[in-house]
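Chains as they are written, first to last, in the UniProt record's numbering: chain A, 1 to 465; chain B, 1 to 465.
Backbone N, C-alpha and C fix where the C-beta goes; we use that ideal spot for every residue, glycine too.
Given the structure is predicted, the values throughout are model-derived calculations rather than measurements.
Right, dumping it as structure tokens:
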């Protein structure tokens with residue numbers, strides 16, 4: 001006779017921000033809930049690492065929030081008493097092969113290239129603003145990829161290369177890899193192309209967290225009932241009979257629950273064996289969406305040498321391996337760093353190189369763009385993160401939909417499958433791909449479960465709630 | 001009908017130093033020979049990486065030679081016109097938790113610990129000198145491990161911990177993991193415990209190579225007939241019928257030859273499928289020998305800050321994660337580095353940590369031992385190598401024999417199996433585990449093959465030679 005573990009109200013799979021927020025809300029409703037996490041830490045793609053010299057931390061994953069339209073993240077910032085750093089936007093930005101330009105402006109491209117780029121950008125912003133986030137649909141923009149849209153809008157080479165910087169830096173994909181509609185919807189979820197890309201007030205990259213963004217995850221995990229988060233517990237199977245979920249882990253441990261909240265990226269659903277198998281639409285989603293490839297190499301320096309040249313630390317490159325850099329210093333901690341972000345094809349190619357060549361390429365690119373080789377070659381610590389090489393992430397920041405997927409299967413993105421509910425930043429209506437989206441999706445998933453179990457309670461099947 | 005490739009005189013498997021030297025000598029004898037290499041580079045455990053700032057190279061694998069009793073390596077140095085760097089032994093050494101001591105001396109251990117350690121060391125040296133390298137046997141020292149020998153010789157805790165530094169730094173194993181006889185034989189192969197461990201003239205760590213030790217491998221590879229080395233070609237099967245060898249690669253390519261020279265570490269023989277299977281003694285060797293675990297973390301600095309404190313850069317630690325450091329600078333290139341070497345259990349535990357913790361632990365250890373935290377925490381580049389994580393090395397520097405293996409199966413170490421001949425630094429009579437041993441074993445393997453094929457020629461079966 002085998003010992004059967006008690007049946008829980010809910011099991012959350014994945015201790016990233018969305019899963020932790022969901023578990024938090026489920027427990028708050030008085031329901032029993034554990035979180036099964038594959039890794040040896042909580043936080044998913046929030047991961048804050050201490051510098052060896054004790055001066056500050058770096059965020060090798062999600063790094064930015066704001067205090068206005070990212071209301072959930074700002075509330076958590078207040079709740080956990082976290083100090084913020086306003087993203088530095090003083091000084092000029094640099095465009096590789098092109099030159100310096102003021103923050104928020106356009107690089108000094110030759111001829112009418114700048115004007116062409118500006119026109120295309122404005123048309124895309126206009127399209128973004130037309131999107132209904134609850135029902136994204138726009139002419140036939142889901143049948144084309146984003147590259148085709150840029151060409152369709154009259155974009156020439158420089159406009160296309162600029163648009164390529166957007167998809168690489170924002171989604172970790174080439175413009176040809178994302179549906180035009182998905183990209184427009186993604187931007188709209190952050191308030192539009194300009195707002196999502198902005199480092200200023202209301203923008204996507206306005207504030208950082210002194211102690212690192214993993215503080216959000218750690219804070220949420222600490223607020224759960226003790227022992228709620230089981231680390232090193234990857235899930236391999238989800239079995240269902242009406243009203244009952246059985247979750248089996250890699251080590252063979254079996255958990256029973258009424259509901260499951262799955263907080264892993266859509267393309268990773270296929271790494272779990274479902275019995276019965278996922279519905280056709282869910283299967284199509286997990287098979288068609290692809291994870292972006294965004295990496296980070298964070299160069300820590302003794303001093304912020306770029307500032308003495310009146311540079312902001314923001315650079316962009318059409319060539320690579322990195323697409324953009326930002327100043328990610330924490331002056332109060334004596335921490336000075338430039339974060340470089342290789343994305344998409346360039347990141348994939350760079351990732352095949354041995355460590356010393358990956359490092360040499362990024363340093364050479366920084367030295368070339370900043371024109372300050374000696375200083376650039378003197379980092380005191382380097383942090384590197386390739387999310388695409390990690391078994392339980394396989395990419396960053398979130399899944400990308402190719403043409404037609406959103407139109408055909410988008411309806412099923414947030415649809416429960418039996419007792420299994422789906423959360424994760426790509427399922428958010430607002431701030432997809434950001435921590436804000438993750439937390440909002442977690443709240444939605446918890447609400448679904450609480451409501452469903454509440455109804456059961458009403459019908460007399462469950463006494464809880 | 002399949003196209004059959006022509007039959008070669010010999011196939012060398014593995015483009016490390018021993019394999020390249022063997023191929024070189026086989027070709028020099030006028031025989032046809034290719035080298036199949038699993039990696040995308042030649043050199044095996046000689047791997048020299050350029051610093052990103054262009055100032056010098058680091059050797060993440062084998063790093064030292066001398067110009068007297070390592071006659072093969074010195075001949076190659078001359079042949080390829082390589083410049084050497086004399087290992088710096090000026091200034092004091094540091095023992096973790098103990099203090100400074102002059103190079104070649106004994107750390108200022110408390111009480112009679114130093115004297116006990118010296119006595120044990122001298123007894124071990126005496127035993128070493130008794131070994132006959134062609135027939136290693138000594139009382140019943142192969143039935144005990146090296147820890148037992150140290151205890152047997154009256155070694156107290158400090159003597160044992162010192163002996164532990166030796167096996168960790170020299171073999172990448174704990175004293176309990178190696179047969180006492182194997183360790184004595186290993187030392188004797190380098191002239192004895194004292195000479196093998198020495199950084200002075202005639203010692204194991206006397207000279208480095210400015211352009212890096214991979215220059216030896218590249219030089220030998222370049223001296224082969226063009227196209228002789230096939231990279232990215234891991235071998236999965238070796239099949240034999242009398243007089244014929246068939247070598248099959250992972251991609252399914254088939255090579256035919258009269259002889260095979262296998263230049264991979266003994267424990268890796270079991271990763272290849274032999275038809276017919278390896279003889280019992282060879283099987284016992286591949287199954288009983290274990291690869292040492294020696295890692296490197298090389299810290300590059302702007303300046304050799306330890307020298308201004310009259311320190312040599314040589315440190316040793318009973319605690320870990322690293323066992324020893326050495327100054328591995330190339331002053332003429334403006335390259336200044338400390339190479340730290342985690343070994344055995346400490347290296348294995350350290351290797352399970354994420355990159356930033358591995359780095360933080362080594363930096364903290366350097367800062368603590370040198371007592372110069374600010375400077376220690378300002379490396380401008382860090383190179384890290386964990387050979388044990390590499391599919392085609394699985395360890396470093398070479399295989400270790402546990403008790404009884406040498407007595408029982410040692411006779412078969414260099415014994416051919418049909419047409420397959422075995423080389424590799426652990427099969428050398430002199431300088432086992434060093435580049436010198438690798439080259440010497442390669443010469444031996446080539447000699448066996450040339451002799452065997454010469455005999456065939458004499459008997460009229462082959463017209464070659």
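Secondary structure of residue 41/A (DSSP, three-state): coil. The DSSP-derived three-state label of residue 250/B is coil. For residue 11/B, the enclosing beta strand (DSSP E) covers residues 7-13. Counting only the Cα atoms, residue 21/B lies some 5 Å from residue 442/B.
Taking residue 451/A as reference, the option from 25/A, 284/A, 18/A with the minimal CA-CA separation is 25/A. Of all residues in the region 350-369 of chain A, only 354, 355, 356, 357, 359, 360, 361, 362, 363, 364, 367 come within less than 9 Å of chain B when Cβ atoms are compared, listed by chain position. Closest in alpha carbon position to residue 103/B, among 199/B, 141/B, 191/B, is 199/B. Residues of chain B with a Cβ closer than 8 Å to the Cβ of residue 52/A are, in chain order, 356, 359, 360, 363, 364, 377. For residue 240/B, the secondary structure class from DSSP, reduced to helix, strand or coil, is strand. Under the DSSP assignment, residue 407/A falls in the alpha helix (DSSP H) whose first and last residues are 405-409. For residue 152/B, the enclosing alpha helix (DSSP H) starts and ends at 146-152. Annotation: the continuous beta strand (DSSP E) that includes residue 383/A extends over 381-386. Proximity of residue 390/B to chain A, defined by a Cβ-Cβ separation below 8 Å, is not satisfied. For residue 191/B, the closest C-alpha among the options 220/B, 128/B, 163/B is that of 128/B. When the alpha-carbon of residue 51/B is set against those of 34/A, 295/A, 364/A, the nearest one is in 364/A.
Using a C-beta cut-off of 8 Å, the region 402-422 of chain A makes no contact with the region 32-47 of chain A, since fewer than three inter-stretch Cβ pairs fall below that distance.
Per the DSSP secondary-structure output, residue 342/B pairs in a beta bridge with 322/B. The beta strand (DSSP E) runs lying completely inside the region 258-345 of chain A and spanning 3 residues or more are 273-275, 295-301, 311-316, 322-327, 336-342, given in chain order. Beta-bridge annotation (DSSP): residue 57/A is paired with 50/A. In this structure, 335/A is the residue among 395/A, 140/A, 399/A, 335/A with its C-alpha nearest to the C-alpha of residue 303/A. C-alpha of residue 250/B to C-alpha of residue 266/B: approximately 20 Å in a straight line. Assigned with DSSP and collapsed to three states, residue 256/A falls in strand. Within the region 284-310 of chain A, 302 place their CB atoms closer than 8 Å to a CB of chain B, listed in sequence order. Contact check for residue 417/A against residue 445/A fails: the beta carbons are separated by 8 Å or more. By the 16-neighbour rule on beta-carbons within 10 angstroms, residue 296/A is buried. Residue 380/A reaches chain B at 377, 378, 379, 380, counting residues in chain order whose Cβ is nearer than 9 Å.
Listed by position along chain A, the residues whose Cβ is nearer than 7 Å to that of residue 383/B are 356. Contacts with chain B at 8 Å (Cβ-Cβ) do not include residue 207/A. Contact annotation: in the region 88-107 of chain B, no residue has its CB less than 9 Å from a CB in chain A.
A buried status is given to residue 260/B, since no fewer than 16 other beta-carbon atoms sit within 10 Å of its beta-carbon. When 318/A, 209/A, 276/A are compared, the shortest CA-CA separation from residue 333/A is found for 209/A.
Judged by DSSP secondary structure, residue 99/B falls within the beta strand (DSSP E) whose first and last residues are 99-102. In the DSSP assignment, residue 181/B falls within the unbroken alpha helix (DSSP H) covering 180-189.
Boundaries of the alpha helix (DSSP H) around residue 165/B: 157-171. Between residue 330/B and residue 91/B, the C-beta spacing is not below 8 Å.
Look at residue 231/B: its C-beta is not under 8 Å from any C-beta on chain A.
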